[in-house]
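Q: If you scroll down you'll find the structure; I have some questions about it.
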Amino acid sequence: MAKESLPHIPNIPTTPERVLHEKKTGAKEAKPLSSEQIKEQVVELFELSAARAEAGKHTREAWGGLTKEEREELKSKGENAVVAHIEATRLDPELIEFRETTLKEYDDRIAELSSNPQVLDAYKNRFEELKETLARAASYEHLRQEEDAVDKAEQKLRKLYEGVGRTPGPIERKKLTAFSDRKKEVEEELKGLELDSKTIDMLRRREVRRMQHDLKRYSFAETESRKELIKQVLPDLLQGAPVLFQGETGSGKSQLAKYISERYLGKIPTIVSVSEQIKESQIMGSRGLEAGQTVFNYSEFVKAQKEGRPVILDEVNLMPHEFSGLLHDLLQKRVGDVWVHPTTGEKIPITAPIMATANLKSEHYKQRYELDVATLRRFIGGAGAREIHYLDIGRKDTEGNPIAPETLKILSAVLANRHGDIEWSEEEAMQKVEELKRFVQACRKIQEDFTLSIREGGEESLARGDRLAFKELVITLKDQIEIMKAWKASSFREPLDSIVLREFFHKAEISGHASKDRENMIKVFIANKLFQNTNPEDFKIQGLSLKAVRQWQGKE
Amino acid sequence: MPFEAYKIYQEYEPDKYKTYTQEKVAKALAGAKKEGLTPVKEALDFSEVQEIFGPDFIGIEEVEQFTGRSLTLEEQRIAEEKWQRKVEEQGLTKESLEQLKQEGFMVVLRVGTLAGKEKTDKDMPVTVKNLREKFPLFYDQDWYNNEQFAEEPLKGIDWGIVKKELLDESKSKNWDEQEEILKEWAVTHGVDKKFVRRRTPAEVAYDVLAYFQVRNERILEKDWDWTSVQSSDGEFVSVGGFGSGGLGVGSDARGNRGSDLGVCPAR
Chain H
1 MAKESLPHIP
11 NIPTTPERVL
21 HEKKTGAKEA
31 KPLSSEQIKE
41 QVVELFELSA
51 ARAEAGKHTR
61 EAWGGLTKEE
71 REELKSKGEN
81 AVVAHIEATR
91 LDPELIEFRE
101 TTLKEYDDRI
111 AELSSNPQVL
121 DAYKNRFEEL
131 KETLARAASY
141 EHLRQEEDAV
151 DKAEQKLRKL
161 YEGVGRTPGP
171 IERKKLTAFS
181 DRKKEVEEEL
191 KGLELDSKTI
201 DMLRRREVRR
211 MQHDLKRYSF
221 AETESRKELI
231 KQVLPDLLQG
241 APVLFQGETG
251 SGKSQLAKYI
261 SERYLGKIPT
271 IVSVSEQIKE
281 SQIMGSRGLE
291 AGQTVFNYSE
301 FVKAQKEGRP
311 VILDEVNLMP
321 HEFSGLLHDL
331 LQKRVGDVWV
341 HPTTGEKIPI
351 TAPIMATANL
361 KSEHYKQRYE
371 LDVATLRRFI
381 GGAGAREIHY
391 LDIGRKDTEG
401 NPIAPETLKI
411 LSAVLANRHG
421 DIEWSEEEAM
431 QKVEELKRFV
441 QACRKIQEDF
451 TLSIREGGEE
461 SLARGDRLAF
471 KELVITLKDQ
481 IEIMKAWKAS
491 SFREPLDSIV
501 LREFFHKAEI
511 SGHASKDREN
521 MIKVFIANKL
531 FQNTNPEDFK
541 IQGLSLKAVR
551 QWQGKE
Chain X
1 MPFEAYKIYQ
11 EYEPDKYKTY
21 TQEKVAKALA
31 GAKKEGLTPV
41 KEALDFSEVQ
51 EIFGPDFIGI
61 EEVEQFTGRS
71 LTLEEQRIAE
81 EKWQRKVEEQ
91 GLTKESLEQL
101 KQEGFMVVLR
111 VGTLAGKEKT
121 DKDMPVTVKN
131 LREKFPLFYD
141 QDWYNNEQFA
151 EEPLKGIDWG
161 IVKKELLDES
171 KSKNWDEQEE
181 ILKEWAVTHG
191 VDKKFVRRRT
201 PAEVAYDVLA
211 YFQVRNERIL
221 EKDWDWTSVQ
231 SSDGEFVSVG
241 GFGSGGLGVG
251 SDARGNRGSD
261 LGVCPAR
């Protein structure tokens, strides 16, 4: 990639320059440093600058979102104004003080180091190199995004013609050809890109950062399998066709539907939680009185249709059959069609799809599940009735060993700081990675056994071979994320198994259920070398045999 | 240095950022292999190093035999990565390794933990004391029982390229004179002096015992390798004299000289 073809990254002052400017301190005369010392101080300055961004963010959060200027303005009004703000927004004054002093200490050290012109110059040079790498990475990402956009646009048009059953005319054919040509051009450009190791490093870090952003904003992160699924359903969804996501509890069905809606359809969806007790009025609306007049109040479901927002019917399988018929007509509509409300006769143009989720048909829950065939067929005729399972279930490497790359990817993003690094030293990293992989492996085993148990009936008789029966409890990706957050918050000083104990087992104990499930989970964790030295009483499981735990731990 | 998060999963997506040239090279290599052609390898992988060093290569299999525990896939991956990093950093080539072999060097993979003495015992960090506990091959001494250096563990997985016996010119020199000799050695071997160093006591003990356990041959049988680590009285620790009485651990004031006291350059 030629330097002149790289995108322009604007020149903005670096963190040390900004800190020096704010402190109104310029460069100072300092005793000359050796090149080794300069290098060391530049490394420290980079670490401080990176951490300072977090510290600044935390300070803003501690102040209830006030920027530095706003904080200063508030302080200039006097102590009473500050106290009033703290009380009104229910902030924690101790936390405010801690955050502020921390930020100040960051600034002091940054200013101390960067007041040496040798160090500041070396820092700026290194920063410029990073900018160049960033430009290369951005250029690559831009091409990938364009490739994706052209692909989606082309698919969308083809679907349109498939939908109406018409052959594209000469002008449309030209447009379609233009898409194909551009796609080839982008592919050629991508082929011509030679990525160096620094750019690849930055691309991978940016990917981690994007996942962190998505997890925070949507509580969802796109991994390869989910990306592929979205790619399959999106063209139909854009045409207003309905989709059904079926999967085990905690497999992320609702989160996926919500994510697609917000991220790809650009609309906040209306979520309708379906239950056996759902009433017709909750689907279509109900009559009421307003100023002495009879009015028809539309349900949230219909309101969403009118406003062009997608609807997510959560656990649609619980809907009584007599009501599901109400949806049949609507489920066949596509963008551009008009749906006539059966009661009011109002004509509502369709602009957004219906997404639904359902627990997978299982022996254990069979009394709860039965989506009637007619409804199911309408989803299949739309964007499909797609199955979603726990991430990485059934994945193996070339030698047949179970692997969990997608789960590890998400958990890595949770563990990382905003620069894509995890605060592990080189010496401890290997042991921590092993520990993390063993944890993920155990969770995966629990999910696999849970999936099989609920499909075939979670009876004791199912616990055959090395498979264990789980009736109610499973450890989901969300649980794993929470455990990772707690581990990170402990600065990784607390062993992972003690976090699992606290954040999962002790919390699950509060519900008082599923003690057999929890016992089986412990067995799986011990088999994966966690809880090797945990005292059996610490699991706090009623009826848990101490002898059995000691045997699993290899101590008896 | 913090740890890059993507390293946890990048092994599962090796082709994600493959460039066109890399793809072309991979295709060409696959094509050549199909036709029965073996391309000339540029990278120095383990098998080549093993070929060069023969019995003086203590790699994964040997280390598993020595430590009594299997290396995990992750550890093997790290070992490979560390070797490649060493090759790149130090500009090692087939020729330079062949020369080192000629000069009596060995290549040894060091790991941070070894299996406990009994099968039911837990793995333990590699320290002088733990090595002494596991292998009854030490000279009967107790002076270092409470010394900090004896409990200092090896820092995880890494490769050592180390001279099996003392550098002749370092014998009968005091500690500081030996430092100069190491620097000169670096210059004459075209390697940055920051990569040439003395070993720690745990490293010497590990290397000597690993070699003995897997090759049944004693190194440093009469001589003592003077390490970079000081004992509590400020003297520098030396390890060696691995005769029939066992591996010895001694210490000498930095001004001392001895015909059996020298240094084995390590890089």
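Chains H and X are the protein sequences, given in the same order.
Sequential numbering of the first sequence, starting at 1, is according to full-length UniProt numbering.
Sequential numbering of the second sequence, starting at 1, is according to full-length UniProt numbering.
Cβ coordinates follow ideal geometry from the N, Cα and C atoms, glycine included.
Keep in mind it's a predicted model, so treat the numbers as computed, not measured.
1. So, is residue 122 of chain X buried or exposed, given that buried needs 16 or more other C-beta atoms within 10 angstroms?
2. My assumption, with CB atoms under 8 Å, is that residue 9 of chain X sits in contact with residue 545 of chain H. Please give the rounded CB distance.
3. Could you list which residues in chain B have their beta carbon closer than 7 Å to that of residue 501 of chain H, in chain order?
4. Skipping 5 residues on each side, what residues in its chain have a beta carbon closer than 6 Å to that of residue 65 of chain X?
5. Does the stretch 228-237 of chain X touch the stretch 188-203 of chain X, meaning 3 or more C-beta pairs lie closer than 8 Å?
6. Compute the Euclidean distance between the alpha carbons of residue 303 of chain H and residue 45 of chain H, then round it to the nearest angstrom.
7. Suppose you measure from the CA of residue 522 of chain H to the CA of residue 249 of chain H; what does that come to, to the nearest Å?
8. To which residues of the same chain is residue 161 of chain H closer than 6 Å at the C-beta, ignoring the five residues directly before and after it?
9. Below 9 Å between beta carbons is the criterion; list the residues of the stretch 70-81 of chain X that meet it against any residue of chain H, in chain order.
10. Give a yes or no on whether the C-beta atoms belonging to residue 183 of chain X and residue 173 of chain X are separated by under 8 Å.
11. Where does residue 460 of chain H fall in DSSP's three states?
12. Looking at the C-beta of residue 60 of chain X, does it have a partner C-beta in chain H at a distance below 8 Å?
13. Got a sec: is the Cβ-Cβ distance from residue 553 of chain H to anything in chain X below 8 Å?
14. With 8 Å set as the bound, which would you pick, yes or no: does the beta-carbon of residue 156 of chain X sit closer than that to a beta-carbon of chain H?
15. Quick check: the Cα distance between residue 15 of chain H and residue 104 of chain H, rounded to an integer number of angstroms?
16. Please confirm whether residue 415 of chain H has its beta-carbon closer than 8 Å to some beta-carbon of chain X.
17. Pick from X:157, X:165, X:144: whose alpha carbon is nearest that of residue 85 of chain X?
18. Check whether the Cβ atoms of residue 246 of chain H and residue 360 of chain H sit closer than 8 Å, and answer yes or no.
19. If I'm right that residue 56 of chain X touches residue 111 of chain X with Cβ under 8 Å, what's the distance once you round it to whole angstroms?
20. Output, in chain order, the set of chain H residues within a Cβ distance shorter than 8 Å of residue 291 of chain X.
21. Check whether the stretch 182-193 of chain H and the stretch 372-390 of chain H touch, using three or more Cβ-Cβ pairs below 8 Å as the test.
22. Could you name the residues of chain H that residue 5 of chain X contacts, counting a contact when the two beta carbons are closer than 7 Å?
23. What residue range is occupied by the uninterrupted alpha helix (DSSP H) comprising residue 220 of chain H?
24. Just the chain H side, please: which residues come within less than 8 Å of residue 84 of chain X by C-beta, in chain order?
25. Check whether chain H comes within 8 Å of residue 120 of chain X, counting only Cβ atoms and requiring the distance to be less than that.
26. For residue 525 of chain H versus residue 442 of chain H, is the C-beta distance shorter than 8 Å?
27. For residue 344 of chain H, which option in H:24, H:84, H:297, H:540 has the closest C-alpha, if you only look at C-alpha atoms?
28. For the UniProt domain "AAA+ ATPase" (239-394) of chain H, which residues have a CB atom closer than 7 Å to at least one CB atom of chain X, in sequence order?
29. Where does residue 474 of chain H sit, in a helix, a strand or coil, going by DSSP?
30. Give a yes or no on contact between the stretch 437-455 of chain H and the stretch 470-482 of chain H, applying the rule of three or more CB pairs nearer than 8 Å.
31. Could you check if residue 244 of chain H belongs to the surroundings of the ligand ZN, using beta carbon to heavy atom distance under 7 Å?
32. Along chain H, in chain order, which residues have C-beta atoms closer than 7 Å to that of residue 12 of chain X?
33. Rounded to whole angstroms, what's the CA-CA distance from residue 408 of chain H to residue 75 of chain X? Just pull it up for me.
34. List the residues of chain H whose Cβ lies closer than 7 Å to the Cβ of residue 9 of chain X, in chain order.
35. Quick one: using the 10 Å Cβ neighbour count with 16 as the cut-off for buried, is residue 35 of chain H buried or exposed?
36. What does the alpha-carbon distance come out to for the pair residue 373 of chain H and residue 379 of chain H?
A: On the basis of the coordinates in this document:
1. Sequence index remark: in the second sequence, residue 122 of chain X carries index 122 (1-based). Its Cβ having fewer than 16 others within 10 Å, residue 122 of chain X is exposed.
2. Here residue 9 of chain X is taken as the residue at index 9 of the second sequence, counted from 1. Here residue 545 of chain H is taken as the residue at index 545 of the first sequence, counted from 1. At roughly 37 Å, the Cβ-Cβ gap does not stay under 8 Å, so residue 9 of chain X and residue 545 of chain H are not in contact.
3. The displayed structure is made up of protein chains H and X, and chain B is not among them.
4. Position 65 of the second sequence, counting from 1, holds the residue named residue 65 of chain X. Correct list, in chain order: 214.
5. yes
6. As a working note, residue 303 of chain H is residue 303 in the first sequence. As a working note, residue 45 of chain H is residue 45 in the first sequence. Between residue 303 of chain H and residue 45 of chain H, the C-alpha separation is close to 54 Å.
7. Taking the first residue of the first sequence as 1, we reach residue 522 of chain H at position 522. Taking the first residue of the first sequence as 1, we reach residue 249 of chain H at position 249. Near 20 Å, if we compare the C-alpha coordinates of residue 249 of chain H and residue 522 of chain H.
8. Numbered from its first residue, the first sequence carries residue 161 of chain H at position 161. Here the set comprises 168.
9. 72, 73, 74, 75, 78
10. Numbered from its first residue, the second sequence carries residue 183 of chain X at position 183. Numbered from its first residue, the second sequence carries residue 173 of chain X at position 173. Not closer than 8 Å, so no.
11. Along the first sequence, one-based indexing puts residue 460 of chain H at 460. Below a pLDDT of 50, predicted positions are generally treated as unreliable, and residue 460 of chain H, at 49, falls in that range; no measurement from the model is reported.
12. As a position in the second sequence, residue 60 of chain X is number 60, starting the count at 1. False, the Cβ-Cβ gap to chain H never drops below 8 Å.
13. Counting from 1 along the first sequence, the entry for residue 553 of chain H is found at position 553. No, its Cβ sits nowhere closer than 8 Å to a Cβ of chain X.
14. In the second sequence, the residue the question calls residue 156 of chain X occupies position 156. It does: the Cβ of residue 156 of chain X has a partner Cβ on chain H nearer than 8 Å.
15. Against the first sequence, residue 15 of chain H aligns to sequence position 15. Against the first sequence, residue 104 of chain H aligns to sequence position 104. Taking the straight line joining both Cα atoms gives about 14 Å.
16. Taking the first residue of the first sequence as 1, we reach residue 415 of chain H at position 415. By this cut-off, residue 415 of chain H is an interface position.
17. Start at 1 with the first residue of the second sequence, and residue 85 of chain X comes out as number 85. Of the listed residues, the one whose Cα sits closest to residue 85 of chain X is X:157.
18. Counting from one through the first sequence, the residue named residue 246 of chain H turns up at place 246. Counting from one through the first sequence, the residue named residue 360 of chain H turns up at place 360. It is a contact, given that the beta carbons lie within the stated cut-off.
19. For this step, residue 56 of chain X is matched to residue 56 along the second sequence. For this step, residue 111 of chain X is matched to residue 111 along the second sequence. Not quite, the Cβ-Cβ distance comes to about 18 Å (not below 8 Å), so this is no contact.
20. Shown here, chain X extends from 1 to 267; a query on residue 291 of chain X therefore has no answer.
21. Between the stretch 182-193 of chain H and the stretch 372-390 of chain H there are fewer than three C-beta pairs closer than 8 Å, too few to call the two in contact.
22. Counting from one through the second sequence, the residue named residue 5 of chain X turns up at place 5. The contacting residues are 208, 412, 413, 415, 416, 420, 421, 422.
23. Residue 220 of chain H sits at position 220 when you count from the first residue of the first sequence. First-last for residue 220 of chain H: undefined, no H or E at that position.
24. As a first step, residue 84 of chain X is located in the second sequence; it is residue number 84 there, counting from the start. Those within 8 Å of residue 84 of chain X in chain H number zero; the least Cβ separation is about 12 Å.
25. Within the second sequence, the letter at position 120 stands for residue 120 of chain X. Chain H, which has a Cβ nearer than 8 Å to the Cβ of residue 120 of chain X, makes this yes.
26. The residue given as residue 525 of chain H occupies position 525 in the first sequence. The residue given as residue 442 of chain H occupies position 442 in the first sequence. In terms of Cβ geometry, residue 525 of chain H and residue 442 of chain H form a close pair [threshold 8 Å].
27. The residue given as residue 344 of chain H occupies position 344 in the first sequence. The shortest Cα separation from residue 344 of chain H among H:24, H:84, H:297, H:540 belongs to H:297.
28. Within the UniProt domain "AAA+ ATPase" (239-394) of chain H, no residue qualifies.
29. Taking the first residue of the first sequence as position 1, residue 474 of chain H is located at position 474. DSSP places residue 474 of chain H in coil when its eight states are reduced to three.
30. yes
31. Ligands displayed in this structure: none; no statement on the ligand ZN is therefore possible.
32. Within the second sequence, the letter at position 12 stands for residue 12 of chain X. Ordered by position in chain H, the residues that pass the 7 Å Cβ test against residue 12 of chain X are 403, 405.
33. Looking up residue 408 of chain H in the first sequence gives position 408. Looking up residue 75 of chain X in the second sequence gives position 75. Approximately 17 Å, taken between the alpha carbons.
34. Within the second sequence, the letter at position 9 stands for residue 9 of chain X. 405, 408, 409, 412, listed in chain order.
35. Within the first sequence, numbered from 1, the residue matching residue 35 of chain H stands at position 35. With fewer than 16 other Cβ atoms within 10 Å, it is exposed.
36. Locating residue 373 of chain H in the first sequence gives position 373, counting from the first residue. Locating residue 379 of chain H in the first sequence gives position 379, counting from the first residue. Near 10 Å, if we compare the C-alpha coordinates of residue 379 of chain H and residue 373 of chain H.
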